[in-house]
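Participant: Got a structure for you, written out below as structure tokens; questions coming shortly.
Protein chains: 2
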Amino acid sequence: MRDVARAAGVSVSTASRVLSGSAHPVSEAARSRVTAAAAALGFEPNRLARALATARSRTIGVVVHDVSDPYFADIIRGLEDVAGPRDHALFVTSSDRDAAKELSLVRAFVAHRVDAIVLVASGLTTPGYLDDLTGILKRFKDLGGVVVAMSEHAYPAPRVGFDNAGSSAMITRHLIDLGHRRIGHLAGPPELAVSASREDGYRRALAEAGLEAGPDLVECGWFGMEEGASATARLMDRAAPTAIVAANDLMAFGALRHLLDQGVSIPDQVSVAGFDDIEFAAYASVPLTTVRIPLTQFGRLGAELVFELLAGGSPDPWPSVTPELVIRGSSGRAPT
Amino acid sequence: MRDVARAAGVSVSTASRVLSGSAHPVSEAARSRVTAAAAALGFEPNRLARALATARSRTIGVVVHDVSDPYFADIIRGLEDVAGPRDHALFVTSSDRDAAKELSLVRAFVAHRVDAIVLVASGLTTPGYLDDLTGILKRFKDLGGVVVAMSEHAYPAPRVGFDNAGSSAMITRHLIDLGHRRIGHLAGPPELAVSASREDGYRRALAEAGLEAGPDLVECGWFGMEEGASATARLMDRAAPTAIVAANDLMAFGALRHLLDQGVSIPDQVSVAGFDDIEFAAYASVPLTTVRIPLTQFGRLGAELVFELLAGGSPDPWPSVTPELVIRGSSGRAPT
DNA sequence: CTGTTAGCGCCTTCAG
DNA sequence: CTGAAGGCGCTAACAG
Chain A
7 MRDVARAAGV SVSTASRVLS GSAHPVSEAA RSRVTAAAAA LGFEPNRLAR ALATARSRTI
67 GVVVHDVSDP YFADIIRGLE DVAGPRDHAL FVTSSDRDAA KELSLVRAFV AHRVDAIVLV
127 ASGLTTPGYL DDLTGILKRF KDLGGVVVAM SEHAYPAPRV GFDNAGSSAM ITRHLIDLGH
187 RRIGHLAGPP ELAVSASRED GYRRALAEAG LEAGPDLVEC GWFGMEEGAS ATARLMDRAA
247 PTAIVAANDL MAFGALRHLL DQGVSIPDQV SVAGFDDIEF AAYASVPLTT VRIPLTQFGR
307 LGAELVFELL AGGSPDPWPS VTPELVIRGS SGRAPT
Chain B
7 MRDVARAAGV SVSTASRVLS GSAHPVSEAA RSRVTAAAAA LGFEPNRLAR ALATARSRTI
67 GVVVHDVSDP YFADIIRGLE DVAGPRDHAL FVTSSDRDAA KELSLVRAFV AHRVDAIVLV
127 ASGLTTPGYL DDLTGILKRF KDLGGVVVAM SEHAYPAPRV GFDNAGSSAM ITRHLIDLGH
187 RRIGHLAGPP ELAVSASRED GYRRALAEAG LEAGPDLVEC GWFGMEEGAS ATARLMDRAA
247 PTAIVAANDL MAFGALRHLL DQGVSIPDQV SVAGFDDIEF AAYASVPLTT VRIPLTQFGR
307 LGAELVFELL AGGSPDPWPS VTPELVIRGS SGRAPT
């Protein structure tokens, strides 16, 4: 920047003022000479230095469980869509639902002095995790950092969300309305807060219909397609439900594939429902009945919340997104 | 850090030396006191300051076309898997195949003084793009930055890749071997280098078999499912091929969905093949015959190349990954 | 409106 | 082995 200032025949301060878009008045003459010099030299201000001086890095750290899971990938897209135009860059990392890994990622974000940390990965129930996280984030906030949650999380932070339990109940009711009485559930990983919420919704809907969710009707898995397939195999062997509510679309895809491979006809013999409505849902082996969460918009709301907080606001209530039932070919009347 | 030094009863220099893992000798006594003090205070070194002092930010910028495209999401996962353990954070951004946007993203990366820029987004043929990119990256390299390409790119950079044309030819041959004679191609966006390569492979295979790829057999699209479906509609109307080679899996999913919706039986009436073998391929409406690119491993190789270059190495030859034909249910013998 | 002066927090010669 | 001093590139009072 010294070079730019020299080339423009002004002091570094003046150069800095025009280059940083400061509100401080600068004559038009000086301004244009600086701009020209910067362009001629291909000058690119060093943001590290700027961040050090201003205590604002224009950087946001995002923690997801797995970038390659479409659920998270879509949310990241939304975050990026609003952060980018505001000239903020995103650090993206996958925690693999591992407490130790997640904590070290968050610590790294703090070290990088990100302006905000977005926890889109659902909270873990691992012992000690919450305390450690709280400790790290306390220091982060003391440094002026902002924290936003985008999932069920025991850590108290401004949050953009949607009603997991309610949505799960909604789709379960859809199956009940179709006449199903034995409805199984493919639950998510037990250490995730979100798994519990979705399972609760499923149970609540059953209870309200006077049905019982015996323990043999719930099978825990992992949020993946293969795991969904194997969990379905166990569930069918044990309880032979006529309908299955999966805790996410990926598991539902696995269920569809497994049932089809077994020669089960869908939805004539068994109905299957998912959760999230990722784009593939409409292209699955059988078009999937599911709950649509507008993921990209959800991500955008998350970033908008970040910027509001960064600007000193404190939105009340926190934003949220409305899930919606999407009925496709994988659900139908219960077999008679 | 001053606080840590004070608490440990040493100078900042000494504290810095132990906290930064410097090779400079420090007595065991001092070392342990510093470590203890840092832990007690929950000290997290400011990497911005460190980066400013060392000219190494431990940060890598990644440009993809779209994070929410599984092809890129999987690659990012691989990059992350090796960058994370080496304590480097990833900036991830989507260019949307827009030259102006991509250039501004790259500019932001140099402003953030990333140590390396990974171009996993395929090169654009937009006029002026290459020159502008070259200018920016030249300055970046003068600053000590490293550039790695992970796709067909006119910009000359160390590259980890795979044989796009060859793989495309391979899968086309598979269809020819099944007796197909009228084979259509769903090409990618014409402004992408990778689209041309994959189309070339398709054409080469046809030519070698003495078949002709009339212009009506190739339909350009966009690398998405919906676009794949509409391109398929146009292609079927116009040329009614008995087999379709899509430039990526997403387009193939769209093709499957469209054909199925039209009551076309797959593969009895029409065979469909994809490219990439994203995880969903096995769970699509019809399990997809495709070319497997080990995407996560590919991503890992990209990051490893980055670190080799950062360490001053100049690997020769550049690493690459071997595609493999995966035959599933979407391809079968040509109808007689 | 412009320039001078201090740092931001850390690393790194350079003397001790 | 330890500490003092200077600087990485930029911003932000503070005088002019």
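Listed in order, the protein sequences are those of chains A and B. Just so we're aligned, residue 7 is where the first sequence starts under our numbering, counting upward by one. Just so we're aligned, residue 7 is where the second sequence starts under our numbering, counting upward by one. Yeah, the Cβ is synthetic: ideal placement off N, Cα and C, and Gly gets one too.
Who are Gly-190/A's beta bridge partners in DSSP?
Facilitator: Gly-190/A is bridged to Ile-250/A.
Participant: Using the Cα positions of Arg-39/B and Arg-145/A, report the straight-line distance between them to the nearest angstrom.
Facilitator: Cα to Cα, Arg-39/B sits roughly 22 angstroms from Arg-145/A.
Participant: Can you list, in chain order, the residues of its chain with a C-beta nearer than 6 angstroms to that of Asp-222/B? Leave out the 5 residues immediately preceding and following it.
Facilitator: Closer than 6 angstroms at Cβ, skipping near neighbours: Arg-244, Ala-245.
Participant: For Glu-50/A, decide whether its Cβ has a neighbour in chain B, counting only Cβ atoms nearer than 7 angstroms.
Facilitator: Judged by the 7 angstroms Cβ criterion, Glu-50/A is in contact with chain B.
Participant: Do Ser-26/A and His-71/A count as a contact pair if the criterion is CB distance below 7 angstroms?
Facilitator: Their beta carbons are not under 7 angstroms apart, which means His-71/A does not touch Ser-26/A by this criterion.
Participant: So which residues on chain A does His-71/B lean against when the C-beta distance must stay under 8 angstroms?
Facilitator: Near His-71/B there are no residues of chain A at all, since even the closest Cβ is about 11 angstroms away, more than 8 angstroms.
Participant: With 9 angstroms as the C-beta to C-beta threshold (strictly closer), list the residues of the stretch 276 to 300 of chain A near chain B in chain order.
Facilitator: Hits within the stretch, in order: Glu-285, Phe-286, Ala-288, Tyr-289, Ala-290, Ser-291, Val-292, Pro-293.
Participant: Quick one: Cα of Lys-147/B to Cα of Val-116/B, how far?
Facilitator: Roughly 10 angstroms separates the two Cα atoms.
Participant: CB-CB under 7 angstroms to Arg-113/A, same chain, minus the five flanking residues each way: which ones, in chain order?
Facilitator: Hits under 7 angstroms: Ile-142.
Participant: Check each residue of the stretch 88 to 106 of chain B: if its Cβ is closer than 8 angstroms to any Cβ of chain A, include it; give the result in chain order.
Facilitator: Taking 8 angstroms as the Cβ-Cβ cut-off against chain A, the residues of the stretch 88 to 106 of chain B that qualify are Gly-90, Asp-93, Ala-95, Leu-96, Phe-97, Val-98, Thr-99, Ser-100.
Participant: In chain order, which alpha helix (DSSP H) runs of at least 4 residues are fully inside the stretch 47 to 120 of chain B?
Facilitator: Correct list: 53 to 60, 76 to 89, 105 to 117.
Participant: Tell me whether the beta-carbon of Val-166/A lies closer than 7 angstroms to the beta-carbon of Val-124/A.
Facilitator: Their beta carbons are not under 7 angstroms apart, which means Val-166/A does not touch Val-124/A by this criterion.
Participant: State the start and end residues of the unbroken alpha helix (DSSP H) segment that holds Glu-314/A.
Facilitator: First-last of the alpha helix (DSSP H) with Glu-314/A: 301 to 316.
Participant: Listed in chain order, which residues of the stretch 129 to 157 of chain B have Cβ atoms closer than 9 angstroms to some Cβ of chain A?
Facilitator: Answer set for the stretch 129 to 157 of chain B: Gly-141, Ile-142, Lys-144, Arg-145, Phe-146, Leu-149.
Participant: Do you know whose CA, among Gly-220/B, Ala-239/B, Pro-321/B, lies nearest Gly-227/B's CA?
Facilitator: Ranking the options by Cα distance to Gly-227/B, first place goes to Ala-239/B.
Participant: List in chain order: all unbroken alpha helix (DSSP H) runs of 4+ residues lying wholly within the stretch 107 to 184 of chain A.
Facilitator: DSSP runs (the alpha helix (DSSP H)) wholly in the stretch 107 to 184 of chain A: 135 to 148, 170 to 183.
Participant: With Glu-285/A as the anchor, note down where its beta strand (DSSP E) starts and where it stops.
Facilitator: That residue, Glu-285/A, is in no beta strand (DSSP E); it is neither H nor E in DSSP.
Participant: I need the straight-line Cα distance from Thr-296/A to Ala-252/A, nearest angstrom please.
Facilitator: Between Thr-296/A and Ala-252/A, the C-alpha separation is close to 9 angstroms.
Participant: When burial is assigned at 16 or more other CB atoms within 10 Å of the CB, is Glu-330/A buried or exposed?
Facilitator: The residue in question, Glu-330/A, is exposed, as its Cβ has fewer than 16 Cβ neighbours within 10 Å.
Participant: Taking the beta strand (DSSP E) that Thr-20/A falls in, what are its first and last residues?
Facilitator: Per DSSP, Thr-20/A belongs to no beta strand (DSSP E); it is in the alpha helix (DSSP H), 18 to 25.
Participant: Could you give the first and the last residue of the continuous beta strand (DSSP E) run that contains Glu-330/A?
Facilitator: It spans 330 to 332 - the beta strand (DSSP E) in which Glu-330/A sits, taken as one unbroken run.
Participant: Establish whether the CB of His-180/A and some CB of chain B are separated by less than 7 angstroms.
Facilitator: No - not a single Cβ of chain B is within 7 angstroms of the one on His-180/A.
Participant: Using 7 angstroms as the limit for Cβ to Cβ distance, is Phe-313/B near chain A?
Facilitator: Not closer than 7 angstroms to any Cβ of chain A, the Cβ of Phe-313/B fails to qualify, so no.
Participant: As a quick exercise: from Leu-265/B, Met-257/B, Glu-232/B, Asn-254/B, pick the residue whose alpha carbon is nearest that of Met-242/B.
Facilitator: Nearest C-alpha to Met-242/B: Leu-265/B.
Participant: Going along the chain, which residues of its own chain have a beta-carbon closer than 6 angstroms to the beta-carbon of Arg-103/A, five neighbours each way excluded?
Facilitator: Same-chain partners within the cutoff: His-71.
Participant: Quick one: which residues of the stretch 23 to 40 of chain A get their C-beta closer than 8 angstroms to a C-beta of chain B? List them in chain order.
Facilitator: Flagged: no residues at all.
Participant: DSSP three-state label for Arg-12/B, please.
Facilitator: Here Arg-12/B sits in helix by DSSP.
Participant: Return the chain-ordered list of same chain residues with a C-beta closer than 6 angstroms to the C-beta of Ala-211/B, the five sequence neighbours on each side being excluded.
Facilitator: So the qualifying residues of the chain are Ala-175, Thr-178, Arg-179.
Participant: Can you pull out the residues from the stretch 249 to 269 of chain B whose beta carbon lies closer than 8 angstroms to at least one beta carbon of chain A?
Facilitator: Under the 8 angstroms Cβ criterion, the stretch 249 to 269 of chain B contributes Phe-259, Gly-260, Leu-262, Arg-263.
Participant: Using a Cβ cut-off of 7 angstroms (strictly closer), state whether Ile-272/A contacts chain B.
Facilitator: With 7 angstroms as the cut-off, Ile-272/A does not count as an interface residue toward chain B.
Participant: Skipping 5 residues on each side, what residues in its chain have a beta carbon closer than 6 angstroms to that of Arg-334/A?
Facilitator: Closer than 6 angstroms at the Cβ level, and outside the excluded window around Arg-334/A, lie Pro-293, Leu-294, Thr-295.
Participant: As a quick exercise: from Ser-203/A, Tyr-208/A, Ser-201/A, pick the residue whose alpha carbon is nearest that of Leu-181/A.
Facilitator: When only C-alpha atoms are compared, the closest one is Tyr-208/A.
Participant: Contact check, Ser-128/A vs Val-32/A under 8 angstroms by CB: the rounded distance?
Facilitator: At roughly 49 angstroms, the Cβ-Cβ gap does not stay under 8 angstroms, so Ser-128/A and Val-32/A are not in contact.
Participant: Please confirm if Ser-74/B has its CB atom under 7 angstroms from at least one CB of chain A.
Facilitator: Yes, contact with chain A.
Participant: Provide the residue span of the beta strand (DSSP E) that contains Ser-366/B, from first to last.
Facilitator: Because chain B here runs from 7 to 342, residue 366/B falls outside it and cannot be looked at.
Participant: Can you confirm whether Met-242/A, when its beta carbon is compared against all beta carbons of chain B, has any partner nearer than 7 angstroms?
Facilitator: No - not a single Cβ of chain B is within 7 angstroms of the one on Met-242/A.
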